[in-house]
Amino acid sequence: MSSKGSLLFLLHAHLPYVNHPEQDDFLEENWFFEGVVETYIPLISVLDRLVRDGIRPGIAISISPTLGAMLENEHLEKKLNRYINARLELIEKELVRTESDPVLSKTVRLYARLYGEAAEIIHKYSGDLITPLKQLQHAGHIEIITTSATHSILPLLAHPEALRAQIAASAEDYFDRFNRKASGFWLPECAYDARLQTYLKLSGFKYIFTESHAVNFSDAAPKNGVYASYRTPNGLNLFARDADSSKEVWSAKFGYPGAPAYREFYRDLGYDADYEYIKPYLGADGTRRSLGLKYHSITGAVDLSEKLYYDSDEALATVELHAADFLARRMKQIDELHAAKGVRPVIVGCYDAELFGHWWFEGPAFLESVIRKIRQDRLPIQFVTPEEYLNSSPEPVEINPQVSSWGENGYFDPWVNESNDFIYPKVLAVTDRMIETANRFRNQDLSTATLRALNQAAREVLLAQSSDWPFLMYIGSHSQYAAGRVDEHAANASRLLSEVLEKRVDEKNLGDLEKKNSLFPRLDFRLFASVSKF
Amino acid sequence: MTNETAFIPSNDKAYLLPKNPAEVFICWTWSSARAEAFTAQLFEPQILVRLTAVDDKALLSEAAADWRAGKLYMKPPAEGRTYTAAVYARNRDGSQEKLLESNAAATPVSAPRQALSAGYSSAEFFRKDATPI
């Protein structure tokens, strides 16, 4: 059946770069382990199952360079294996403990499958989870794009040199990781200003995603709203997020993830179980923490202590209802748009990948069900990847998008406010120093140690610019760690630049930093120079 | 309005960041030499931060701050324009010296509240608190 319209799904997978080889157990590294087990591997499994059944997923995935680097980091891989083995050991004990409770043991078996599958897939790909994604892209089943080097909010980078460095480093990183040039660029937090166009084009990107008001309140006020792609004056294509489809999937309050049958995120065995029983699975400091084993459902508006046990069958039945509802709404949307505007609309749904599985446990099953139902129910709608859409769509209308983001209130408030603004003088000043030093040394013949120090300083500056640090401070989660990371990277960069200027590079310290902050192996400090090699 | 003198180049820095249509963030750092000048009362401690539209110098707003504050939020005179911020201090002669000038930054325009699909972003989902939904 020919389609009346298209669905374009973009899952943005990103975690801040957290790598602490100097410590055996580091709390914030758990973000990565949880992300792998609960989101990235379940999503790979969903995609593999669909392909095996002859269904082309046709979605786009953005993998941030920081996440990509962590997925390839052998040190983190070892810790990940240890994390999974510890969970499997605990699950074995839980299977025995809950043997006489059929409801509870059913959920424990579910976790046994989840962690067992994670161990299998990691073994199958020798710990390299980029490989299956690369294979899926190579076969044309999905499209993988990238984002800025360390997920910085680009409109908050005061220096054009920093913009160029963040964008150009990500293009190189993508090429090295996926053996091809990247076409698509996910603007971190959909944050856009007009300066970005130049540097995105210079690095060879063809399209970006923006928030809906970037398009709806642009100078051209386009009649097709967010249901078509557009083009900026310098020829960069853009898609805008559709609010309706995002809200249904995204919102815990109004959307599907808040359904009573779904798994409750905040009730966790790490807080419920007898302390001595779970102590071996806590961190070195022995503080209770989430262990990822969550046995309760959202239930409804009740206290956490009153949550009912989770029933996976009931949750999966709800997934089916929600997938059908989601598609019925999209069909209605498409019919209405077709009738009103006479176009074949594209509905762009952009979501953080970690919503699927980590936060919304049933999210991967929802995604699978939505994709399968289009085939099963012969719906006149199809999933398209951005490149496919651009190759088959009419000539886009040219617009000047508005400055915007998808953050709270639609602009930059979450990243610039009283809780986090103290970082900017440090981040911007060290960026200034990096640019000045790059300008001074860009045309010089450099010793190996000097070159390494300058390249490492560039890595540290990029890491200081990450959006994750101010965001964590804003939400009041791991604020001290986030502030410490800004200080650490700014100090590292500053020290390295001073050592270069004073011709006394401490190679021991440099080696340690290269080992710890080891992303962007090909990074060239000259990306920060005011007149670049481009 | 203040009396301007020539821009004094230095390693001191000022930066301007957009926040939302109604607010920009300005922060500044002083070199030790400049900080010493303030401490020695070569300048009055109260500085003046002036926000000026790049394409229309008549569009401006001003605010006072202590030289040590290091930051300031200001309301731009109009939305959707590109601005720079300049920091002035009154010297012993009583005239305002322009000590710092920031980068240029574009500010957004307000979209009607109902048109903002944002708020269903990661900020909301990740802020879901531990109380029942």
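As they're listed, the protein sequences go chains H and V.
Just so we're aligned: 121 in the numbering used here is position 121 of the first sequence, and the numbers increase by one with no gaps anywhere.
Just so we're aligned: 1049 in the numbering used here is position 49 of the second sequence, and the numbers increase by one with no gaps anywhere.
Cβ coordinates follow ideal geometry from the N, Cα and C atoms, glycine included.
- Message: Starting from residue 138 of chain H, trace the alpha helix (DSSP H) in both directions and tell me its first and last residue.
- Response: For the purposes of this step, residue 138 of chain H is taken as residue 138 along the first sequence, with counting starting at 1. Segment 130-138, the alpha helix (DSSP H) holding residue 138 of chain H.
- Per-residue contacts from residue 1069 of chain V into chain H (C-beta, under 8 Å): Numbered from its first residue, the second sequence carries residue 1069 of chain V at position 69. Result: empty, since nearest Cβ-Cβ is about 11 Å, beyond 8 Å.
- Task: Assign residue 151 of chain H to one of two classes, buried (16 or more other C-beta atoms within 10 Å of its C-beta) or exposed (fewer than that).
- Result: As a first step, residue 151 of chain H must be located in the first sequence, where it is residue number 151. Label assigned to residue 151 of chain H: buried.
- Task: Say whether chain V places a C-beta atom closer than 7 Å to the C-beta of residue 156 of chain H.
- Result: On the first sequence, residue 156 of chain H is found 156 positions in, with the first residue counted as 1. Yes, its Cβ sits closer than 7 Å to a Cβ of chain V.
- Task: Look up residue 360 of chain H in the DSSP assignment and give the residues it is bridged to.
- Result: As a working note, residue 360 of chain H is residue 360 in the first sequence. DSSP lists H/356 as partners of residue 360 of chain H.
- Item | Runs of alpha helix (DSSP H) lying entirely within the stretch 1068-1108 of chain V, each at least 4 residues, in chain order | none
- Message: Using beta carbons (cut-off 7 Å, strictly below), is residue 416 of chain H in contact with chain V?
- Response: Working through the first sequence from its first residue, we reach residue 416 of chain H at position 416. Closer than 7 Å to some Cβ of chain V, the Cβ of residue 416 of chain H qualifies, so yes.
- Item | Span of the alpha helix (DSSP H) around residue 455 of chain H | Start at 1 with the first residue of the first sequence, and residue 455 of chain H comes out as number 455. From DSSP, the alpha helix (DSSP H) with residue 455 of chain H extends over 448-464.
- Distance, Cα to Cα, residue 436 of chain H vs residue 12 of chain H? In the first sequence, residue 436 of chain H corresponds to position 436, counting from 1. In the first sequence, residue 12 of chain H corresponds to position 12, counting from 1. Residue 436 of chain H and residue 12 of chain H: Cα-Cα distance of roughly 34 Å.
- Task: With a 10 Å radius around its C-beta and 16 neighbouring C-beta atoms as the bar for buried, classify residue 1007 of chain V as buried or exposed.
- Result: On the second sequence, position 7 is the one that residue 1007 of chain V refers to. Note that residue 1007 of chain V scores a pLDDT of 37, beneath 50, so its modelled location is shaky and nothing firm can be said.
- Query: What's the gap between the Cα of residue 260 of chain H and the Cα of residue 301 of chain H?
  - Reply: Here the question's residue 260 of chain H lines up with position 260 in the first sequence. Here the question's residue 301 of chain H lines up with position 301 in the first sequence. Looking at the two C-alpha atoms, the distance is approximately 9 Å.
- Query: Does any residue of chain V bring its CB to less than 7 Å from the CB of residue 192 of chain H?
  - Reply: Position 192 of the first sequence, counted from the first residue, corresponds to residue 192 of chain H. No, because no Cβ of chain V sits closer than 7 Å to the Cβ of residue 192 of chain H.
- Could you check the C-alpha separation between residue 560 of chain H and residue 217 of chain H for me, to the nearest Å? Since the displayed chain H opens at 1 and closes at 534, residue 560 of chain H lies outside it and no answer follows.
- Item | Within-7 Å CB hit, residue 125 of chain H to chain V | As a position in the first sequence, residue 125 of chain H is number 125, starting the count at 1. No, residue 125 of chain H lies away from the interface with chain V (no Cβ there is under 7 Å from its Cβ).
- Message: Closest to residue 388 of chain H by C-alpha separation, out of H/144, H/399, H/108, would be which residue?
- Response: For the purposes of this step, residue 388 of chain H is taken as the residue at position 388 of the first sequence. Of H/144, H/399, H/108, the residue nearest in Cα terms is H/144.
- Message: Between the alpha carbons of residue 277 of chain H and residue 296 of chain H, how many angstroms are there, rounded?
- Response: Taking the first residue of the first sequence as 1, we reach residue 277 of chain H at position 277. Taking the first residue of the first sequence as 1, we reach residue 296 of chain H at position 296. Cα to Cα, residue 277 of chain H sits roughly 19 Å from residue 296 of chain H.
- Message: I believe residue 343 of chain H touches residue 220 of chain H by the beta-carbon criterion, under 8 Å. Please report the beta-carbon distance rounded to the nearest angstrom.
- Response: Position 343 of the first sequence holds residue 343 of chain H. Position 220 of the first sequence holds residue 220 of chain H. With 8 Å as the limit, residue 343 of chain H and residue 220 of chain H do not qualify as a contact, their Cβ atoms being about 16 Å apart.
- Message: Per DSSP, what are the beta-bridge partners of residue 296 of chain H in this structure?
- Response: For the purposes of this step, residue 296 of chain H is taken as the residue at position 296 of the first sequence. For residue 296 of chain H, which the question treats as bridged, DSSP gives the partners H/309.
- Query: Within the 7 Å Cβ cut-off, does residue 428 of chain H reach chain V?
  - Reply: Numbered from its first residue, the first sequence carries residue 428 of chain H at position 428. Residue 428 of chain H counts as touching chain V.
- Query: Of all Cβ atoms in chain V, is any one closer than 7 Å to the Cβ of residue 319 of chain H?
  - Reply: To locate residue 319 of chain H, count along the first sequence from 1; it is residue 319. By this cut-off, residue 319 of chain H is not an interface position.
- Message: Less than 7 Å between C-beta atoms, sequence neighbours within five positions excluded: which residues of the same chain meet that for residue 409 of chain H?
- Response: In the first sequence, counting from the first residue as 1, residue 409 of chain H sits at position 409. Here the set comprises nothing.
- Query: In chain order, which beta strand (DSSP E) runs of at least 3 residues are fully inside the stretch 180-226 of chain H?
  - Reply: 184-186, 207-210
- Query: Using a Cβ cut-off of 8 Å, which residues of the stretch 1017-1030 of chain V contact any Cβ in chain H, in chain order?
  - Reply: 1017, 1018, 1019, 1020, 1021, 1025, 1027, 1028, 1029
- Task: Provide the residue span of the alpha helix (DSSP H) that contains residue 482 of chain H, from first to last.
- Result: Position 482 of the first sequence, counted from the first residue, corresponds to residue 482 of chain H. Residue 482 of chain H -> alpha helix (DSSP H) spans 479-501.
- Query: Smallest Cα separation from residue 539 of chain H: which of H/157, H/177, H/164, H/139?
  - Reply: Because chain H spans 1 through 534 in this model, residue 539 of chain H falls outside it and cannot be assessed.
- Environment of residue 426 of chain H [buried if 16+ CB atoms lie within 10 Å]: For this step, residue 426 of chain H is matched to residue 426 along the first sequence. Buried.
- Beta carbon proximity, residue 1122 of chain V to chain H, threshold 7 Å: As a working note, residue 1122 of chain V is residue 122 in the second sequence. Bear in mind that the predicted position of residue 1122 of chain V carries a pLDDT of just 44, short of 50, making it too unreliable to give a figure here.
- Query: Between the stretch 1077-1110 of chain V and chain H, which residues of the former have CB atoms less than 8 Å from a CB of the latter, in chain order?
  - Reply: 1080, 1102, 1103, 1105, 1106, 1107, 1108, 1109
- Task: Please confirm if the stretch 124-133 of chain H is in contact with the stretch 62-79 of chain H, defined as three or more CB-CB distances below 8 Å between the two stretches.
- Result: yes
- Sub-7 Å separation of residue 64 of chain H and residue 14 of chain H beta-carbons: Looking up residue 64 of chain H in the first sequence gives position 64. Looking up residue 14 of chain H in the first sequence gives position 14. Cβ distance < 7 Å, so residue 64 of chain H and residue 14 of chain H count as in contact.
- Message: Taking only three categories from DSSP, how would you classify residue 16 of chain H?
- Response: Residue 16 of chain H sits at position 16 when you count from the first residue of the first sequence. Coil at residue 16 of chain H, not helix or strand.
- Message: Using the Cβ count rule (16 or more neighbours within 10 Å means buried), how would you classify residue 460 of chain H?
- Response: Position 460 of the first sequence, counted from the start, is the residue given in the question as residue 460 of chain H. So residue 460 of chain H ends up on the buried side.
- Task: Output the residue ranges of the beta strand (DSSP E) runs that lie fully inside the stretch 31-117 of chain H and measure 3 residues or longer, sorted by chain position.
- Result: 59-63
- Rounded straight-line distance, which links the Cα of residue 236 of chain H to that of residue 197 of chain H: Walking along the first sequence from the start, residue 197 of chain H turns up at place 197. Walking along the first sequence from the start, residue 236 of chain H turns up at place 236. Whole-angstrom Cα-Cα distance: 7 Å.
- Query: If the cut is a Cβ gap below 9 Å, which residues of chain H does residue 1013 of chain V touch?
  - Reply: As a position in the second sequence, residue 1013 of chain V is number 13, starting the count at 1. Ordered by position in chain H, the residues that pass the 9 Å Cβ test against residue 1013 of chain V are 425, 428, 429, 432.
- Neighbourhood of residue 201 of chain H by C-beta, 8 Å cutoff - its chain only, sequence neighbours within 5 removed: Position 201 of the first sequence, counting from 1, holds the residue named residue 201 of chain H. Contacts found: 234, 235, 236.
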